[in-house]
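Asks: For any residue, its number in this note's numbering is found by taking its place in the sequence shown, counting from 1, and adding 1063.
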Amino acid sequence: MTAAPSLAARLRADETIVTAWSTLAVPILAELLGRAGYGAVTLDMQHGAHDIGTVREGIAAARLGGAHAVMRPAVDDFATVSRAFDLGAEAVIMPMVNSVEDALALVGAAKYPPVGARSWGPHRAAMLQGASPADYLAAANAETVALAMIETPAAVEALDEILAVEGLDGIFVGPGDLSLTLSDGASVTPSSETVQSMAAEIAAKARAAGKFAGIFCNTTADARAARDMGFRFLAHGVEMSLLMDAAKAKLAELD
Ligand code: 3PY
Ligand code: MG
């Protein structure tokens, strides 16, 4: 479906892909992050400022920079899952998938019949790939990656059922929300022992079920540990913090 190996193909080959996280909704930054060496750029509509227009431009910019384009919609916004794939995203990370019903809704939006109920209209995605509509259709269900965020105790409880959903390609752990919900709102401790050992169990179960395992990493130590746990899709680096840190480091050179 894409000229270079697709994100789906690379994940199937068990390659490790590191994605930058784009929140500022400045599409050219997606190109820069790709040129800097990130394998993917995730455009965040849940907590970031992206709208469907900056997602459209961000997808093209990421691809120009040589990176796979990924999108995270807002909670329960399943309609935007199909739109992101229509605009050329290669993967969608659905937040707060807490039940098998949520996972089925995600697959419904992400996959064409008979697996799901995605509606036809991938013209921009096909254009970006240089594919005919027929070629796009033939490859789409295998090449569009649907990842369900596991980030609450309810999701962990339902994990086996969620992993059994046909058409769901994988899971993506949100350790921030997982720590928030495990502590009933008391604290956000994504790097804590409790959350990290739960993440290890989630990765093991996902891999055993033949599904991709991804995770948001808040520190470099967490990213290294996640790789050792078997996660292969690692979010490591939010563009706003990358810019802030680089600016501080540059100014500190004059101290
Ligand atoms: C979380 O850690 O909860 C996330 O959603 C990461 O973006
Ligand atoms: Mg979250």
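Ideal Cβ placement from N, Cα and C applies to all residues, glycine included.
Compute the minimum distance between the beta carbon of P1136 and the heavy atoms of the ligand 3PY, and state whether it is under 7 Å.
Replies: No, since every heavy atom of the ligand 3PY falls outside the 7 Å radius drawn around the Cβ of P1136.
Asks: Am I right that I1115 and G1151 are in contact with their C-beta atoms under 8 Å? What's the rounded C-beta distance?
Replies: About 12 Å separates the two Cβ atoms, so there is no contact after all.
Asks: Along the chain, where does the beta strand (DSSP E) containing D1285 start, and where does it finish?
Replies: D1285 -> not in any beta strand (DSSP E); alpha helix (DSSP H) instead, spanning 1283-1292.
Asks: Can we count D1240 as close to the ligand 3PY, meaning its CB is less than 7 Å from some heavy atom?
Replies: It does: the Cβ of D1240 is within 7 Å (strictly closer) of some heavy atom of the ligand 3PY.
Asks: Helix, strand or coil: how does DSSP classify A1130 here?
Replies: Coil at A1130, not helix or strand.
Asks: I need the DSSP call for R1295, collapsed to helix, strand or coil.
Replies: Note: R1295 maps to coil in three-state DSSP.
Asks: Which residue comes first and which comes last in the alpha helix (DSSP H) that contains S1145?
Replies: Looking at the DSSP string, the run of the alpha helix (DSSP H) that includes S1145 is 1141-1149.
Asks: Which residues bound the alpha helix (DSSP H) around M1307?
Replies: Note, M1307: alpha helix (DSSP H), 1302-1315.
Asks: Let me know the beta strand (DSSP E) ranges lying completely inside the segment 1219-1263, each 3 residues or longer, listed in chain order.
Replies: With a minimum length of 3 residues, the continuous beta strand (DSSP E) runs that stay inside the segment 1219-1263 are 1233-1236.
Asks: Is M1157 closer than 8 Å to V1144 when the C-beta atoms are compared?
Replies: Yes, the pair counts as a contact, with Cβ atoms nearer than the cut-off.
Asks: Could you give the C-beta distance for L1106 and V1118, rounded to a whole number, given that I count them as a contact under 8 Å?
Replies: Between V1118 and L1106 the Cβ distance is about 5 Å, and since that is below 8 Å, they are a contact.
Asks: Closer than 6 Å by C-beta to G1171: which residues in its own chain qualify, once you throw out the five before and the five after it? Chain order, please.
Replies: Cβ neighbours of G1171 beyond the five flanking positions: G1179, A1180.
Asks: Are the CB atoms of A1078 and R1270 nearer to each other than 8 Å?
Replies: Correcting the residue type first, residue 1078 is Glu in the shown sequence and not Ala. No. Outside cutoff.
Asks: Using C-beta distances below 7 Å, list every residue in its chain close to V1228, excluding the 5 sequence neighbours before and after it, in chain order.
Replies: Within the same chain, V1228 has close Cβ partners V1163, A1166, L1167, V1170.
Asks: Hey, would you say the C-beta of P1253 is under 7 Å away from at least one heavy atom of the ligand 3PY?
Replies: P1253: yes, Cβ under 7 Å from the ligand 3PY.
Asks: Does the beta carbon of M1303 fall short of 7 Å from some heavy atom of the ligand 3PY?
Replies: No - the ligand 3PY has no heavy atom lying nearer than 7 Å to the Cβ of M1303.
Asks: By a C-beta neighbour count over all protein chains shown, 10 Å radius and 16 as the cutoff for buried, is S1304 buried or exposed?
Replies: Exposed.
Asks: So within the segment 1142-1214, which uninterrupted alpha helix (DSSP H) runs reach at least 4 residues, ignoring any that extend past its ends?
Replies: Counting only runs of 4 or more, we get 1163-1173, 1186-1192, 1196-1206.
Asks: What three-state label does DSSP hand P1068 in the structure shown?
Replies: Looking at P1068 - three-state DSSP - the assignment turns out to be coil, as it is neither helix nor strand.
Asks: Just the Cα atoms here: how many angstroms apart are L1074 and K1274?
Replies: Their backbone Cα atoms lie some 10 Å apart in a straight line.
Asks: Which whole-angstrom value describes the C-beta separation of T1207 and E1153, a residue pair presumed to lie in contact below a C-beta threshold of 8 Å?
Replies: Between E1153 and T1207 the Cβ distance is about 7 Å, and since that is below 8 Å, they are a contact.
Asks: How many angstroms separate the CA atom of A1302 from the CA atom of S1182?
Replies: Sequence check: residue 1302 is Glu here, not Ala. Roughly 33 Å between the two C-alpha positions.
Asks: What residue range is occupied by the uninterrupted alpha helix (DSSP H) comprising G1100?
Replies: Looking at the DSSP string, G1100 is not in any alpha helix (DSSP H), and its letter there is neither H nor E.
Asks: Classify T1117 as helix, strand or coil using the three-state DSSP reduction.
Replies: Here T1117 sits in helix by DSSP.
Asks: What distance in whole Å lies between the Cβ atoms of A1112 and L1087, which are believed to be in contact at a cut-off of 8 Å?
Replies: Yes, they are in contact, since the Cβ atoms of L1087 and A1112 sit about 6 Å apart, within 8 Å.
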